[in-house]
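In mature numbering (1 follows the signal peptide of the UniProt record, and there is no 0), the protein residues as written are -25 to -1, 1 to 307.
A short worksheet on the structure shown next.
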Amino acid sequence: MSRTRTERLVNLVICLLSTRRFLTAAQIAATVPGYEHDPDDARDHEAFQRKFERDKAELRELGVPLETGTASAFDAEPGYRIAHREYALPDILLEPDEAAAVGIAARLWQHAGLAAAASSGLAKLRAAGVDVDPQATLGLEPMVTVDPAFAPLTAAARDRREVGFDYRVPDRDAPSRRRLQPWGVVCWRGRWYVVGHDLDRAATRCFRLSRVVGTVRVTGAPGAYEPPANVDLISHVARWSGPVERTGRATVLAAPGRAAGLRRWAVEVTAGPDGDRLVLPYADPDGLAGHLVGYGPDVRVLDPPEVREAVIQRLKEIAVRHDELAVSGGAR
């Protein structure tokens, strides 16, 4: 499924979840980004109808309970909505990597511009007099951050453009220059990696985004190369990174009834008056910190100091980026 169609389907779901009324195809077309067309142009309107029928079928195949009906007996045209009672999910307990994946998806949502498009669509619904449920889309706020190199590298991989960047490895003091044809960006064991063809070494390489120094520079034209067919990016990263030995132990204080994912990860849980003490195995403090910050105030690190400092550093980085976004938003 293309990125454009995925965005359109997500916004369609948000639109239909945000109202109790049945919305006609015309109302949906005027609200959801991706359905813009001229209804007076027969060919354009027919193309919209085909697109809309495909999207309805796709949602039903995905298990989305799409209902058809009318708002009143006087409506001649059928409308559509999503049944809240059937779409709601029970409480779900996630493993640490599953919880990270949910946070990543939310962050990608924000990067793709879907949140802005969704907000615009909901504003159109309100302007049209449609009763919008403000609680329908709660829970989509991102809880994790990504490395600064994430956005330019994902964009370059999508557009098939060569890039250049400075890269630092642990056994060298100074970063080295790399030129890459990126195939894609993936998350492996809590860290982001870009995989692609290294132009200087004429071989497949992967690079950890947290080790990219400075700005990623786009140097090639769009469509300059084609990645190998059916390439498995995760396998490349797994072979390169090797097995992880979780020999460290960290103790965190979890609020009562919270941080279910961490509780399932813990090798020891001790109940206490101020919360539960969880003992977590970990390989390195930065990787663990990346997991812990996603739980927000529900978790506090007690020991060791290296993990506590890593979490504090992560939170400082989040605060700085939040301030930067606030300043840039206010400058518009």
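Cβ coordinates follow ideal geometry from the N, Cα and C atoms, glycine included.
- Please list, in chain order, all residues of the same chain as GLY44 whose beta carbon is under 7 angstroms from its beta carbon, the five residues on each side excluded. These residues qualify, in order along the chain: PHE(-4), PRO53 and GLY54.
- If you draw a straight line from the C-alpha of SER210 to the C-alpha of HIS20, how long is it? 45 angstroms
- Query: If you draw a straight line from the alpha carbon of GLY223 to that of LEU267, how long is it in whole angstroms?
  - Reply: 15 angstroms
- Query: Is PRO203 helix, strand or coil when you go by DSSP?
  - Reply: coil
- Taking C-beta to C-beta, are VAL282 and VAL274 nearer than 8 angstroms? Result no, Cβ atoms of VAL282 and VAL274 do not sit closer than 8 angstroms.
- Query: Which of the three DSSP states, helix, strand or coil, is assigned to THR222?
  - Reply: Three-state DSSP puts THR222 in coil, outside helix and strand.
- Message: Do VAL191 and LEU128 count as a contact pair if the criterion is CB distance below 8 angstroms?
- Response: yes
- Message: Using 8 angstroms as the threshold, is the C-beta distance between GLU137 and ALA177 below it?
- Response: Cβ distance not < 8 angstroms, so GLU137 and ALA177 don't count as in contact.
- Query: Roughly how far, in whole angstroms, is the beta-carbon of PRO256 from the beta-carbon of VAL242, given that I think they are within contact range, below 8 angstroms?
  - Reply: Contact flag correct, Cβ pair sits at about 6 angstroms.
- Query: Which of the three DSSP states, helix, strand or coil, is assigned to PHE182?
  - Reply: strand
- From GLY38, ARG(-18) and TRP167, pick the residue whose C-alpha is nearest to that of ALA4; which is it? ARG(-18)
- With a CB to CB cut of under 7 angstroms and the five nearest residues on each side skipped, what residues in its chain are close to PHE23? ALA4, TYR10 and HIS12
- Could you check how far apart the C-beta atoms of ARG153 and TYR142 are, in whole angstroms? I think they sit under 8 angstroms. 5 angstroms
- Find the nearest neighbour of LEU174 within the set LEU37, THR194 and ARG133, judged by alpha-carbon distance. THR194
- Query: Got a sec, what are the start and stop residues for the beta strand (DSSP E) ASP141 sits in?
  - Reply: Looking at the DSSP string, the run of the beta strand (DSSP E) that includes ASP141 is 138 to 142.
- Grab the span of the beta strand (DSSP E) containing HIS172 for me, first residue to last. 166 to 173
- Message: Taking the beta strand (DSSP E) that ASP251 belongs to, which residues open and close that run?
- Response: 250 to 257
- Message: Pop quiz: LEU184 and ASP278 are said to be a contact at Cβ under 8 angstroms. What is the actual Cβ separation, rounded to whole angstroms?
- Response: With 8 angstroms as the limit, LEU184 and ASP278 do not qualify as a contact, their Cβ atoms being about 29 angstroms apart.
- Can you tell me whether DSSP reads VAL7 as helix, strand or coil? Taken through DSSP and simplified to helix, strand or coil, VAL7 comes out as coil.
- Buried or exposed: which applies to THR6, given that a residue is buried once 16 or more other Cβ atoms fall within 10 Å of its Cβ? buried
- Is PRO272 helix, strand or coil by DSSP? helix
- Sub-8 angstroms separation of residue 320 and ALA258 beta-carbons: This structure cannot settle anything about residue 320, because the visible part of the chain is limited to -25 through 307.
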